[in-house]
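Numbering (the numbering used here), first residue to last: -7 to 185. Virtual Cβ for every residue (Gly too), placed ideally from N, Cα, C. On a predicted model such as this, the values are computed, not experimentally measured, just so you know. Below is one structure, written out as structure tokens, with a few remarks after it.
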Amino acid sequence: MTQRPPDRFFDAPADDVAPRLLGATLVSRMGGRVTRGRIVEVEAYLGQSDPASHAYRGRRHRGNESLYGPPGTWYVYLSYGMHWCANLVCGPAGSGGAVLLRAVEPTGGLATMAERRAGRAREEWCNGPGKLCAALGITRELDGSRVMASAVRLDLSTARDGPRAQGPRVGITKAREWPLRFWLEGTPWRSRA
DNA sequence: GCGCCGATTGGCT
DNA sequence: GCCAATCGGCGCC
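Dropping the structure here:
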């Protein structure tokens, strides 16, 4: 059974929501198959005021319409023309803030994930934003839907107050040094970068 | 209209 | 460690 986040959970700014998502479980029904992953690494993007955010250049950048949807909306975009990346829109509404999912620990539907990530070691299934979307079957079809009414839901009952760490974001050129990347301390499942 | 670059990944030097 | 793959937005001609 999936435990809903409190109604206003995503109304807070992305840098406040991001650490609270650590440990929560994603339950995906994409492609008609159930897969699960526990969130171990995320990054906050602050919206219009953040030079690295897709909201920084305004509303029509990179097909980012859903970034301006209500908090709790999925924003899924195509990176480098081949990999999907999944974000959850945060508050305040209309700010363009969001949390990027960077790595999850595979916890369910392992046979399906193994198929989708054929030939790769289990540690490589979900340890990157594009990789976890591939393993969970996430594509643009999810973009714009509300998280708790969508094919990929969130179970906060596994979130914990365990040791968390925080550091610079990766893979970007602007505002790279802002300490908006969060992960579960000691997890072997986080991304390489 | 054209060329460049990105919140990435995987294969090869 | 380096680099190609691949595509849409943006800047500039």
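Taking a contact as a CB-CB distance under 8 Å, the pair Gly88 and Gly120 does not count as one, their CB atoms being some 23 Å apart. For Phe174, the pairing in a beta bridge is given by DSSP as Val34, Gln158. Per DSSP, the beta bridge partners of Ser20 are Thr27, Val144.
A Cβ-Cβ distance of about 7 Å is found for the pair Leu14 and Val32, placing them in contact under the 8 Å criterion. In the DSSP assignment, His53 forms no beta bridge with any residue. In this structure Ala141 is exposed. Its beta-carbon is surrounded by fewer than 16 other beta-carbon atoms within 10 angstroms. Taking the CA atoms as reference points, Glu169 sits about 12 Å from Ala36.
By the Cβ criterion, the segment 48 to 65 is in contact with the segment 119 to 138, since at least three pairs of Cβ atoms, one from each stretch, lie closer than 8 Å. Under DSSP, Tyr69 forms a beta bridge with Cys77. Of the other Cβ atoms in all chains shown, 16 or more fall within 10 Å of the Cβ of Thr104; this residue is therefore buried.
For Val96, the uninterrupted beta strand (DSSP E) run begins and ends at 90 to 100, by DSSP. Judged by their CB atoms, Ile164 and Ala90 are not nearer to each other than the 7 Å cut-off.
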